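In the working numbering, the protein residues as written are 605 to 725.
See the structure below:
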């Protein structure tokens, strides 16, 4: 019963559907299609788009894994939340700059430039 239904769809109904589609012979013919003709083409265009996506999907860039999207990879990983406390008295001294560099072990050039620009202005 199920195989008979599938066979009927593939052998009879699908060819009849494809014969009735308003496919223009030129690319310019698509511009002359009416709204009802476009609506009749939608199922076919949807299936073609899905097949195209499934074909190119293996070649698309992979999403980053959770580990790659983490910012803090090393500092106090045993704590669910990293918090540093500072003494309020330290804020009174001029030219105090605080910078947390999660991905770098040392303070590099771009961080120093950024910090100096904050101090100067």
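Glycine residues also receive a C-beta, built at the ideal position from the N, C-alpha and C atoms.
Only a predicted model underlies this, so the values are computations on that prediction, with no experimental measurement involved.
Whole-angstrom distance between residue j and residue i, CA atom to CA atom
i: residue 730; j: residue 690; result: It is not possible to answer for residue 730, since the shown part of the chain is limited to 605 through 725.
i: residue 636; j: residue 630; result: 10 Å
i: residue 655; j: residue 649; result: 10 Å
i: residue 661; j: residue 667; result: 12 Å
i: residue 623; j: residue 652; result: 17 Å
i: residue 646; j: residue 607; result: 27 Å
i: residue 665; j: residue 659; result: 14 Å
i: residue 641; j: residue 610; result: 27 Å
i: residue 680; j: residue 657; result: 42 Å
i: residue 620; j: residue 612; result: 11 Å
i: residue 625; j: residue 643; result: 10 Å
i: residue 634; j: residue 617; result: 25 Å
i: residue 676; j: residue 688; result: 14 Å
Along the chain, which unbroken stretches of the alpha helix (DSSP H) at least 4 residues long are found entirely within the segment 651-685?
-> 670-673
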